[in-house]
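First residue of the sequence shown: 1, per the UniProt record's numbering; consecutive thereafter. Okay, structure first, notes after.
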Amino acid sequence: MATQTSNRIAHIGIIVEDSGAVERLNATLHQYAPYIIGRMGIPCPTHGVSVISVILDAPADIISALSGKLGMLKGVGAKTLYAKVSQ
Numbered sequence: 001m002a003t004q005t006s007n008r009i010a011h012i013g014i015i016v017e018d019s020g021a022v023e024r025l026n027a028t029l030h031q032y033a034p035y036i037i038g039r040m041g042i043p044c045p046t047h048g049v050s051v052i053s054v055i056l057d058a059p060a061d062i063i064s065a066l067s068g069k070l071g072m073l074k075g076v077g078a079k080t081l082y083a084k085v086s087q
């Protein structure tokens with residue numbers, strides 16, 4: 001993970017409603033592993049979903065690309081929040 005002046009800190013909040021999407025989700029996240037500085041997953045069995053938080057240190061275009069790919073997965077919702085300060 002190289003720090004660049006154009007890197008941003010961002011949080012991608014993910015809700016997985018279809019457990020069949022987990023393999024594709026993990027494969028997608030693995031492609032962006034060099035930019036991921038933290039990840040936490042919490043299963044919510046009473047609601048039948050899982051909630052995942054991913055923290056990134058990456059250029060804005062990389063963050064946007066990952067969020068877009070995650071949002072296109074069936075049964076997966078993703079939203080991105082950027083820190084107000086950039087590096």
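Glycine included, each C-beta is placed from N, C-alpha and C at the ideal position.
Would you list the one or two residues that DSSP bridges to M40? Per DSSP, S53.
Separation of A10 from K84, as counted between CA atoms: If I take the Cα positions, the gap works out to 9 Å.
Can you tell me where the beta strand (DSSP E) holding G13 begins and where it ends? From DSSP, the beta strand (DSSP E) with G13 extends over 7 to 16.
CB V51 to CB C44, shorter than 8 Å? Result yes, Cβ atoms of V51 and C44 sit closer than 8 Å.
Note the first and the last residue of the continuous alpha helix (DSSP H) segment covering A65. It spans 60 to 72 - the alpha helix (DSSP H) in which A65 sits, taken as one unbroken run.
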